[in-house]
Structure formats: C-alpha cells, structure tokens
Amino acid sequence: MGRRLLSLLVILLFPLTLAAPVQAAPEPPPGVVVGQQDGRGAGATPKVPAVGETRSGGHLVKTTTPAPQRTEGGTGAMARATPRAGTAAAFNESYGDDQYLTAPTQWWTVNGWTIEQIYDYAQSQGARVSDIAHQPGTQLTFTATLVKNAGAYWVRSWGLYYGLTDQGVVGLANYTGTRPASVARYWTADGWRFAVALVDNTGDGARPWWWYYGDTSFVLAQQQATGARPVKLRPFDAGGGARWYDLLMTGWSSQQFWWWLGGSDAQINNLANQNGARLVDAARNDDGTFNAIMLRNTSGPGPGWWYGLGHDQLNLKTLRKGARLISAQGYVENGQTLFVGVMTREVTGADQARAMVQNTMLHTAWLNGTSAIAELSDGTLGTFQAYYGDVSGMDVRVRVASVSKTFAAAELLRLAAAGKVSLGARVSQYLPGVTGGDQITLRNLLQHTSGLYNFTDDLPSFGTTMTQGFTNQQLLDIVNRHARLFTPGSRYSYSNSNYLVIGMIIERVSGRTYPDQMSRDLIGPFGLTGTSVPTDTAISSVRLRGHWWNPATSTRVETTGQNASRWAAGGQMVSTIPELNLFYKYLLVGYVTGASWLNEMKSNLVYTGEGSKWAGMGIFRTTLSCGKNVWWHDGRVPGYRTWSVHSENGQRSLSWAYSEGSANPVNFDDEFIDNVFCLL
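Counting from 1, position 530 in the sequence shown corresponds to residue 530 in the UniProt record's numbering; the numbering is continuous, with no gaps.
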C-alpha cells in the first residue's frame, strides 16, 4: 500500500469552533525573497467575444453538470471509487471541496518540503492539505497548499500519503472511506509512484469520484462519458515525448464548469471572462500552453491566476490581493523552477481592503529594507491604514515629489476662476523671459505640451548638491539655455519646467511667494495642517526618512534633509498620506476649483503615448484592466516614491509612499492600484 505517515490509515479530527477569519497566511517558509518577477498571465482581462467549442491549439470542454448519478463503468488506464454512504437528497456539496468554498479561512503554502514535513506542519497548525504537487527536478519534495481544518473547511478525517501505486491510491481511499483531493505523480526506479491528499468521503458529503490518466482524447472521452466535474488536471511525460494527463473528477456538482487542455493564457482568460467563471486549477504544459478548470464565479471579481513567478513571489502576491492560494504547480523554464498559481476570493469588502493595504506596504518595506505608509479611504468600506519600518504613525510628513503638480494646477485654476489668468493666454503675458513664451499657453504648461526643456535633466549631481538651494530664476536659466523641443501643442512631453513656470506665474499674479500663496489660498482653507511648501531642507521631525542609492558611489544615502527648492513648484511639497487623500477628494467633487473648472481639468485630455494614460491638467487618467478609470498623479525624488490614485468621483482614494533605498528597488504600485480599484 506504500509508505505512509500515520499509525492508522486515516487521521481522525474532531470538529473545531470556527476560527476568526484572517486575510493573510503566515510568513513564507525560510528563504530569501530577492525581488519580484513580472507575472505573465492574469485572470483580470477586458471583456472579449465568445469562445467557441473548439479552438486551434487547445481542446475545450464546456459542460453544465447533469443530474447527480453514480457512474460505475469505465475502461483504460483509470482508477475509480464510489462512496460508502450518502444520498443525493442529503448531499452536502461544499463538504471537503476547497475549490467550491470561498468562506474566509487561514491558509498556508509550502515548497520544497518532504511529505513528512508537510504533514507535521499541517498537524501543528490544525490544518489539512488541499493540494499537493511534486516539485520538478526532485525525487521526494513537494509543493502544497493547506487550509485550516475548521469552520466551512472542516472534514471528519484526512490523510497524506506517498510511495503508492495507482491501485494503491484507489485501495487506500476505498478502505478508509476517503477520496483524493489531490494526486501528485513522480517517477522512481520502480516506476510511477504517487503522493495523495485524502479527505473524508462519508456521510452527507459522500460523492463518486474518478481518476483517469491517458492522452488527450482518452481523458476527454472519460469526462464526457461520466459527465463529472474535473477537479485536478495535471500533465506528465508518458515517454517518447508523449504528453498524458492525470484527470481527477468528482460527481454530484450543481455548479457550471468549463475545462481546457492546451490553451494559451489569452484563450483561458477569454473563456473565463465570457462565461463569468473563475479558475480553480491550472497547470503548464511543456510547450508553454496551459490546462485550466473553471467554475461559475458567484463571489465577485476574482484575484486571477498567475504564472512566471517563484513560489515565494506567488505566495506574497496572493497575500497582497487578500486572496487564498488554491494551487501552486511548478514547472521548469530555462533551468528555473517557476509556478502557475490559482487564487480565489475569500475575504470581501473591509477585510479584503485591510489585507491589501497591510500586506502591500509590509512587502514594500520588507523587500526594500526601508519604510512604507498607505491609506485607502472608501465611502462605503471605510478607511484602512498601514505603515511599516521607521514610521511612527499616519501623521508622518512625506516629500510628495510630483504629486505637487496637482496642487499647483488646482491653484492656477482657482486664479482662472477668479478671472486673474486665462488658460488660453500666452506665458509671456504673465512671465516675460521664458524661451518661446510668446507661443506657449498656460494650457500647454498644464498638460505638458509646451516643448520646454526639462530643467531637472541638467541639474548638478544630486549626490554632491543634495542640500544646495536653488532660486526659481536659476532653474529657469537652465531651461532657457536649451532650445524648445517641439512646437507648442504639437505633442506631449513630461517636463518639470512647465510647473516651474506655473509656480512663477502664480507668484507674479498673486503678488506673494509661491509657498505663501499656496498656504493662504489652498492649504489653509482646506485644513491641510500637515502640508507645506518648503524652500530649503526643512521637514518635520515626524517624517518618513528617505533613502537613495547613489550610483556614483554605490552606497545608500539618507536623503531626508534634501533641499526642496531644487524641484520648484512641481515637486517641492511636503504632506501626509491622509491629507493627500483628503485634498484629492475635495478636488474631485469640485470643492477646490468649482465644478466647471474641474471639468476643464479633466477634459480635452492629451495622450501620453503610454498604455491607457492620458494627461489632464495636473492629473492623469488611466483605464485599468477591469475597464474602470482612475485619476492620479505620482512622484519621485531621490529617496521618496509617492502615489495618489482616485476613483472618478473621489469616493475611493488610495495614497501611499515609500523610500527606495537600493539599486533595484522593488515596487508593487501597478498591482496595488489594480487590486484596490478592480477587485474590491
């Protein structure tokens, strides 16, 4: 019957009280996470046309499960069992079905462990194994996902075995009144052997199950003959370059399902989108195609499936999405072991929001070895805050860099609303002495279509002049030393010089210094007590410390005390993360500029040439993978990275900042935006 871990044939576990829901697994097993690779292939893609029953390059089976029945027949290379007890009338469909279940639970994933280690860890956590996979290129180490054996996930008994033959798996399951939840195949000197995770198959949760293995046509035929729902579909090399599959199925399923052998990531995503489905299992074939199983999605936007990641990276990504990892299947590409991972949505609403914010900031601070802070504010879900590293609280000051541009643009629009400037007027009308100023309009400045040379490209080395002060005129002199890059209005080109000039115009028109005018007209009236416009190295002692990797010396340098004047109006502000959210909320409901000028700010957008990114006046609009628009600005000065991203009406606001302290800083910025605005 093969080697086993248990003194008895099954583990008997008594019911436990429901554990408090959590949104994150524990820290990953010991090891060093060196960075994040780009995951290729995601479940969240735009809606697409219908997928037909057949597609070149893959085999699609689309099925609505028939009425429950016990199928006793079957031929070929197969293993089959029927439950000891249970009737259709008393059937508990969710019992022991971790793909079907989406209730919150604790979960874990491990990789490169022996079966003994996995079993001992499960026992220590009060967990059970829900998926097991052999680690490529090894003899007896495995990848596993586990769930807490409590609440909706509780089963009366479960087991974990290895060293079994195919008939040994069947005999063990029949003898113990269990069924395979997952089977992992591996090659030995004695031929194929199997590790199996078993769950109780008695009482009201009993159901028929089938395990077939063979080539494509064989497994397709067996599924069609039984009408059963595929649960696991894993490829293996049958010799001579032939690809065969292990197909594990279960009966009595009311949920509509689909499965695909040998499809591309795009084909699988398209099928899921077209049918409102979510993936519950995926594996990669040696030719780069995928096999996938899907169920009808009834739990809201899903976290998707991902490939091209290391195991630790997959685990951390799942945590940042507030999701549960259902399965992790390893494969080898260019000598490197990577993983296909399938996630499911469990926590919803406030719990998921909290998990996203906390885990994204934790991983950002941890992997960069610095500090990170974030706030998500939602009119329905509430407010969620997190900070890690050398940060004392949410009131810490942050150098917001180019997020300053939204403030500068808003102030110029307030002056326009007061009739003091006209957006169509030439720069030279308000500020003589700017190269080409008689052809550049204020609107060109606001939308980065002026053609002005970017003065920050010609500043002296930051590493040697970090604390040096600059006047606006000195910075403008840099601009004027360079020819205009193009005819104003002819195209987009991001330039800090545009907002240097805007700041100088605000000074000329208001008769005050830029910091004084911003304080009197914008910062003070809107209660932004933690926001300021420094012109020197000053910053509150309650601040996020900045760290920067100096490429000239290959050393990490603290930049907290840098002189803000070198960035001018487009980058010199200091604020708090909550106040960034507050300001943008006021802005996007029209409180700051008035409704008509807000519309002006968001209208006649200019394409930036980058994906779906369009430039308004001091603010950008991007269409996300789910089709939603967000309005935002980001900023970077040495040592500080800041983002502020918002829904159309400002009802959902997300701002965060962190310090970049290495030559290759890690970030999850795009992922964070997509998670918060598409999955919640």
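A virtual CB, placed ideally from N, CA and C, is assigned to each residue, including glycine.
query: Kindly indicate which three-state DSSP category K602 falls into: helix, strand or coil?; result: helix
query: Pull up the distance between the alpha-carbon of N675 and that of F339, whole angstroms please.; result: 21 Å
query: At which residues does the beta strand (DSSP E) containing F486 begin and terminate?; result: Careful: F486 lies outside any beta strand (DSSP E) and carries neither H nor E.
query: F672 to M356, Cα distance in whole Å?; result: 8 Å
query: What does a CB cutoff of less than 7 Å around T75 pick up in its chain, not counting 5 residues either side in sequence?; result: With a pLDDT of only 24 at T75, under 50, the local geometry of the prediction cannot be trusted, and the value read off the model is given with reservation. Cβ within range, chain order: n/a, list empty.
query: Taking all protein chains shown into account, do 16 or more other C-beta atoms lie within 10 angstroms of the C-beta of G31, making it buried, or fewer, making it exposed?; result: Unreliable placement is indicated for G31, whose pLDDT of 22 sits below 50; no coordinate value is reported for it.
query: Would you list the residues sitting across from D200 in a DSSP beta bridge?; result: T178
query: Just how far apart, CA to CA, sit Y153 and V666?; result: 35 Å
query: Please classify Q447: does DSSP put it in a helix, a strand, or coil?; result: coil
query: Could I get the ranges of all uninterrupted alpha helix (DSSP H) runs contained in the stretch 388-455, with 4 residues as the minimum, in chain order?; result: 404-417, 427-430, 442-446
query: What does a CB cutoff of less than 8 Å around M394 pick up in its chain, not counting 5 residues either side in sequence?; result: I373, E375, Q385, Y387, T576, I577, P578
query: If you follow the beta strand (DSSP E) that K585 is part of, which residue opens it and which one closes it?; result: Element bounds for K585: not the beta strand (DSSP E) but the alpha helix (DSSP H), 577-588.
query: Spatial neighbours of F14 within its chain, please: C-beta separation below 7 Å, excluding the five flanking residues on both sides.; result: The predicted position of F14 is uncertain, since its pLDDT is 23 and thus under 50; no value can be drawn from it.
query: To the nearest angstrom, how far is the alpha carbon of W381 from that of R320?; result: What sits at residue 381 in the sequence shown is Leu, not Trp. Computed Cα separation, rounded: 18 Å.
query: Have a look at A103 and L413 and give me their C-alpha separation to the nearest angstrom.; result: 49 Å
query: Is it true that the CB of S371 sits closer than 8 Å to the CB of R545?; result: yes
query: Going by Cα to Cα distance, which pick from V199, F257, F194, G203 is closest to Q224?; result: F257
query: Can you tell me whether S655 is buried or exposed? The criterion is at least 16 other CB atoms within 10 Å of its CB, across all chains shown.; result: buried
query: Mapping DSSP to helix, strand and coil, what is V676?; result: helix
query: Which partner residues does T143 have in the DSSP bridge list?; result: N111, A133
query: Let me make sure I understand the geometry here. Which of T289, F290, L295, G341 has the alpha-carbon closest to that of Q274?; result: L295
query: Which runs of the beta strand (DSSP E), 3 residues or longer, sit entirely within the stretch 185-273?; result: 191-200, 209-214, 229-237, 243-250, 257-263
query: If you drop the 5 nearest sequence neighbours on each side, which residues of the same chain put their C-beta closer than 7 Å to that of L431?; result: G437, V501, M504, I505, R508
query: Compare the beta carbon distance of V398 and A569 with 8 Å and say whether it is the shorter of the two.; result: no
query: In the DSSP output, what is W306 paired with across the bridge?; result: G341
query: When we look at the beta-carbon of W187 and count the other beta-carbons within 10 Å, is it buried (16 or more) or exposed?; result: exposed
query: By the 10 Å Cβ neighbour count, where 16 or more other Cβ atoms means buried, how is P488 classified, buried or exposed?; result: buried
query: Report buried or exposed for P235, applying the criterion of at least 16 other Cβ atoms within 10 angstroms of its Cβ.; result: buried
query: Less than 8 Å separating the beta-carbons of D190 and V155?; result: no
query: Taking all protein chains shown into account, do 16 or more other C-beta atoms lie within 10 angstroms of the C-beta of D265, making it buried, or fewer, making it exposed?; result: buried
query: With DSSP collapsed to three states, give me the class of residue 722.; result: Because residue 722 is not part of the residues shown, which for the chain are 1 to 680, the question remains open.
query: Beta-carbon within less than 6 Å of T318's beta-carbon, same chain only, minus the 5 sequence neighbours each way: which residues are those?; result: L325, M343
query: Could you spell out the range, first to last residue, of the alpha helix (DSSP H) harbouring L476?; result: 472-480
query: Among D237, Q117, R243, which has the Cα closest to the Cα of Y162?; result: Q117
query: Report yes or no: do the stretch 546-565 and the stretch 526-537 share at least 3 C-beta pairs separated by less than 8 Å?; result: yes
query: Rounded to a whole number of angstroms, what is the C-alpha to C-alpha distance between L528 and L588?; result: 16 Å
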